[in-house]
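Those protein sequence lines, which keep their order, are chains X and W.
Counting in this note's numbering, the first sequence runs from 1 upward without gaps.
Counting in this note's numbering, the second sequence runs from 1 upward without gaps.
The C-beta atom is built at its ideal place from N, Cα and C for all residues, glycine as well.
Number of protein chains: 2
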Amino acid sequence: MALSQLTISNRGREVQGSPIRKLAAIAEKRKREGIRVYHLNIGQPDLPSPEVVQQFFKTFSRRTIEYAPSNGLPETISAWRKYFENYDIYFDDEEIIVTTGGSEAIAFAISAICDPGDEVIVFEPFYTNYNGFASLAGVKLVPVELNISNSFSLPPKEVIEKYITIRTKAILFCDPSNPTGRIFTEDEIRNITDIARTYNLFLIADEVYREFAYDRKPISIARIPELSDRVIIVDSCSKRFNMCGARIGALASKNKDIIDAVLKFSMARLSVATIDQLSVIPLLENSALYTQPIVEEFHKRRDIVYEALSTIPEITYYKPEGAFYIIIGLPVKDSEHFAKWLIEEFHENKETVLLAPAQGFYATPGKGINEVRLAFMLNVVDLKRSIELIGRAIQQYKTLFAE
Amino acid sequence: MALSQLTISNRGREVQGSPIRKLAAIAEKRKREGIRVYHLNIGQPDLPSPEVVQQFFKTFSRRTIEYAPSNGLPETISAWRKYFENYDIYFDDEEIIVTTGGSEAIAFAISAICDPGDEVIVFEPFYTNYNGFASLAGVKLVPVELNISNSFSLPPKEVIEKYITIRTKAILFCDPSNPTGRIFTEDEIRNITDIARTYNLFLIADEVYREFAYDRKPISIARIPELSDRVIIVDSCSKRFNMCGARIGALASKNKDIIDAVLKFSMARLSVATIDQLSVIPLLENSALYTQPIVEEFHKRRDIVYEALSTIPEITYYKPEGAFYIIIGLPVKDSEHFAKWLIEEFHENKETVLLAPAQGFYATPGKGINEVRLAFMLNVVDLKRSIELIGRAIQQYKTLFAE
């Protein structure tokens, strides 16, 4: 007899709120008070969506906005296939499932591999929302610690192996990485894939930042034939086309059991939004045309951020090779307190900055407590000014909250 | 050490494929062979989406298709609030979260209430996709059997109480019901809510067919103030506006813990498609204008289906009071075999029918094995012809597969 109190689930209580979004309400309040807020907290692209999308909507005409097939519209699936081919990644249409953003692809991948109580290895700091999907699925993320002081490079194989237990089912990684901007080297990829083969693990590769690679190209594990039964690729149109609001992603795998399971999960939620699936087809089919100018702009921004940070004393950071984030170690005790103070109280000439405290990107308690993640989501002038403001704020904060 | 075989998860293997969609591939093949297929298997509306939506897309112009806030665009949330008010259902904006279809709302509701291993009571036959969401969440659906012969009415309280265990967290029901078309009476709603209060259970009410009510109005449990801490309303624009492909739903609750949990789940998946959220605003704000003609048409169809079925001997069915489905008991042993034969081999004048075997709408093994679900998704003429074809097919099938 269920006579206990009316309480929500443990996962509902314990799931992590987004550290990226939780200071947003304060920022809105501050703006109403006349303060200009530079948003460096979120990967919300500021550049326009491609013109061809605007055109698409203008000419869109369908009598009924119907459900799409659960695996995706055939033409959207083919467009993903063609997109992948440009990167020498070969999937058949039957090996691709269109998802509601990369988010749903990650959630489906985790549930297809893991039952409640199973474990997935991640490299921390990692994309914070992996936590949410793991909580929802009842799966435990096991973080392998990387360090800013060591350029976020992977530890040797023997160290990673220590994290593997009887419940470990997969390694999940983002390359180029959100939030570190690190791109794994060939050796690092080899270590990961060797471990996967030795311990019979799946590999979930989140490659949504594929094109955002400034110093070296990332190595897609989808190109390694011997791994084909254990690789799941997670992808998204959001960042590379400035189409975050369309929520179109994909999951691809050559493992038929995985695709069968994901297809059944897809059937449960019926379909992905039809018009959004249609809107990205021209982008996927001519991807370089749209991604190149975007990536060039972010390359410029990466260089400027890196240079500007050198003027701030006592901070640590690693030059990101890809994506559009940087993790910065601050000379403060608690970056969440700093970020809250920064958005709530600080201003210089009525301007301030919104940052994402990095603790939410770690699973190990106490790790990242003095770090923030900064996203390059502003034009060059505003970026420079933002970093100037961060420098001033650190000085002032240290005076105010000196030990 | 994880040295076991590379195998997918149990939930990935065991999750039910959609019984509604699994014969679809055969139907496509048959069409290529020149056979006309009447689709009565799926709730894919055949009527046009409202003209105002077409206009919206034509005039849509936003520089960047950005992420929406995780709880929904403020204007879409307000539109849902206003929509509910028309039915004397009062939620504040903070009590509403926009979801990717009613599907995501159900998934979020289950996970906010239940941990893996917890139980939710459903009345079978029930919307088959509840199975998928429960599997994904590691939650057990406990079916209370209803019977076609008893008009799918609820059993007395004492019978329902027998299904409650220490793990029971909620009762989930769809009213008007997919797949039975039943609308609960005042007494039935009272029994459900009494049980919820006695045993401290949450109530998840899937009200996506609210307007599709021909003989009596459904009673929304959101209107019962004493229940406000235990009620979660699941809703969707899909059916009532012929906007299935937009994937815009909502979850609403006055329980702050539930909303907090669902908001955190929402943050993990970032947002619901922006343009689709915008497209439904005019529909929600003037809902009666758009739902009335649609509901009138389905009322007509319900009457015609009911009348036409009376010409087929040896079948059983219950006159649906709402929604747009009917469960039919057939004089065959295995309706899946029949439905497959019907779409794969049968035709009369090069015409045949696609039906959904009803077994997938039951969780009790063996239940519904001779039943099919029929959706009223065709115009009056085609509906009549479809039912004529079903009658002929039954005759022929019985001759072919006589014991």
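Practice item. Taking a Cβ distance cut-off of 8 angstroms, strictly less, list which residues of the region 47–68 of chain W are near chain X, in chain order. Key: So the close ones are Leu47, Pro48, Ser49, Val53, Gln54, Phe57, Lys58, Phe60, Ser61, Arg62, Arg63, Thr64, Ile65, Glu66, Tyr67, Ala68.
- Task: Hey, could you find the ends of the alpha helix (DSSP H) X/Asp257 is sitting in?
- Result: Start and end: 256–268.
For X/Ala134, the first and last residue of its enclosing alpha helix (DSSP H): Looking at the DSSP string, the run of the alpha helix (DSSP H) that includes X/Ala134 is 129–137.
Buried or exposed by the 16-neighbour rule on C-beta atoms within 10 Å, applied to X/Arg247 = X/Arg247 is buried by the Cβ-count criterion.
_Taking the beta carbon of X/Lys169 as the centre, do at least 16 other beta carbons fall within 10 Å, making it buried, or is it exposed?_
X/Lys169 is buried by the Cβ-count criterion.
- Message: For W/Lys140, list the residues DSSP reports as bridge partners.
- Response: Answer by DSSP bridge pairing, in chain order: W/Glu119.
Exercise. Measuring CA to CA, which of W/Arg385, W/Phe60, W/Ile233, W/Arg182 is closest to W/Ala213?
Worked result: If we check each option's Cα against that of W/Ala213, W/Arg182 comes out closest.
Review point. Taking the alpha carbon of W/Ser70 as the point to measure from, which residue in W/Leu263, W/Ile294, W/Arg302, W/Ser177 has its own alpha carbon closest?
Key: Closest by alpha carbon: W/Leu263.
Between the alpha carbons of W/Arg216 and W/Phe123, how many angstroms are there, rounded? Their backbone Cα atoms lie some 20 angstroms apart in a straight line.
CA-to-CA distance, W/Glu351 to X/Val52, given in whole angstroms: Inter-residue distance for X/Val52 and W/Glu351 is about 42 angstroms (C-alpha atoms, whole angstroms).
Requested in this report: At 9 angstroms on the CB atoms, spell out the chain W contacts of X/Gln292, in chain order.
Outcome: Within 9 angstroms Cβ-Cβ: nothing; X/Gln292 doesn't reach chain W, min ~18 angstroms.
Which residues mark the beginning and the end of the beta strand (DSSP E) in which X/Arg231 is found? Looking at the sequence itself, residue 231 of chain X is Val, so the reference to Arg does not match. Counting along the chain, the beta strand (DSSP E) containing X/Val231 begins and ends at 231–236.
Q. Under a three-way DSSP split, which group does W/Val332 fall into?
A. Note: W/Val332 maps to coil in three-state DSSP.
Write down the C-beta distance between X/Ile121 and X/Val142 rounded to the nearest angstrom, noting that I regard them as a contact closer than 8 angstroms. Rounded, the Cβ-Cβ distance is 5 angstroms, consistent with contact.
Note to self: Going by DSSP in three states, X/Arg63 sits in which element: helix, strand or coil?
What the structure shows: X/Arg63: coil per DSSP, three-state reduction.
- Item | X/Lys169, DSSP secondary structure in three states | Per DSSP, reduced to three states, the secondary structure at X/Lys169 is strand.
### Query
Between the region 257–268 of chain W and chain X, which residues of the former have CB atoms less than 7 angstroms from a CB of the latter, in chain order?
Within the region 257–268 of chain W, Asp257, Ile258, Ala261, Lys264, Phe265, Met267, Ala268 place their CB atoms closer than 7 angstroms to a CB of chain X, listed in sequence order.
> Going by the CB atoms, is the gap between X/Ile8 and W/Ile258 shorter than 8 angstroms?
Replying inline: For W/Ile258 and X/Ile8, yes; Cβs fall inside 8 angstroms.
Notebook entry, point to check: What first and last residue would you give for the alpha helix (DSSP H) that runs through X/Tyr38?
Noted result: Per DSSP, X/Tyr38 lies in no alpha helix (DSSP H); the unbroken beta strand (DSSP E) holding it starts and ends at 36–39.
Can you tell me the Cβ-Cβ gap for W/Val332 and W/Tyr397, rounded? I've got them flagged as a contact below 8 angstroms.
Going by Cβ atoms, the distance from W/Val332 to W/Tyr397 rounds to 6 angstroms, so yes, they are a contact pair.
Neighbourhood of W/Glu145 by C-beta, 7 angstroms cutoff - its chain only, sequence neighbours within 5 removed = Glu124, Thr364, Lys367.
_Pairwise C-alpha distance: W/Arg36 and W/Arg30_ = Approximately 8 angstroms, taken between the alpha carbons.
Tell me whether W/Asn242, by its Cβ, gets closer than 7 angstroms to a heavy atom of the ligand NAP. Because no ligand of any kind appears in the structure shown, any question about the ligand NAP cannot be addressed here.
Is the CB-CB distance between X/Met267 and W/Gly249 below 8 angstroms? Going by beta carbons, X/Met267 and W/Gly249 fall outside the 8 angstroms limit.
Helix, strand or coil at X/Glu371 according to DSSP, with G and I counted as helix:
Here X/Glu371 sits in strand by DSSP.
> On the three-state DSSP scale, how would you describe W/Ser253?
Replying inline: If DSSP states are grouped into helix, strand and coil, W/Ser253 belongs with the strands.
Return helix, strand or coil for W/Tyr317, following the three-state DSSP convention. Note: W/Tyr317 maps to strand in three-state DSSP.
* Asked: Which term fits X/Thr76, buried or exposed, when burial requires 16 or more other beta carbons within 10 angstroms of its beta carbon?
  -> With a threshold of 16 other beta carbon atoms within 10 Å, X/Thr76 meets it and is buried.
Fill in: Within chain X, the residues that W/Ile275 reaches when beta carbons sit closer than 9 angstroms
Simply Phe57, Gly245, Ala246, Ala273, Ile275, Asp276, Ser279.
Neighbourhood of W/Ile89 by C-beta, 7 angstroms cutoff - its chain only, sequence neighbours within 5 removed: Hits under 7 angstroms: Ser220, Ala222, Arg223.
Please state if the CB of X/Gln44 and the CB of X/Cys244 are separated by a distance shorter than 8 angstroms. Yes, the pair counts as a contact, with Cβ atoms nearer than the cut-off.
Please report the Cβ distance between W/Ala105 and W/Val305, rounded to the nearest whole angstrom; I am assuming they are in contact, meaning their Cβ atoms lie under 8 angstroms. Taking C-beta atoms under 8 angstroms as the contact rule, W/Ala105 and W/Val305 fail to qualify, at a distance of about 29 angstroms.
- Look up W/Leu354 in the DSSP assignment and say whether it is helix, strand or coil. Looking at W/Leu354 - three-state DSSP - the assignment turns out to be strand.
Check: Helix, strand or coil: which one does DSSP assign to X/Cys114?
Finding: The three-state secondary structure of X/Cys114, taken from DSSP, is coil.
- prompt: Which residues of chain W have a Cβ atom closer than 7 angstroms to the Cβ of X/Ala112, listed in chain order?
  reply: Those within 7 angstroms of X/Ala112 in chain W are Ile8, Ser9, Gly12.
field: Candidates X/Ile394, X/Gln5, X/Phe401, of which the one nearest W/Ala196 by Cα
entry: For the options X/Ile394, X/Gln5, X/Phe401, the alpha carbon positioned closest to that of W/Ala196 is the one of X/Gln5.
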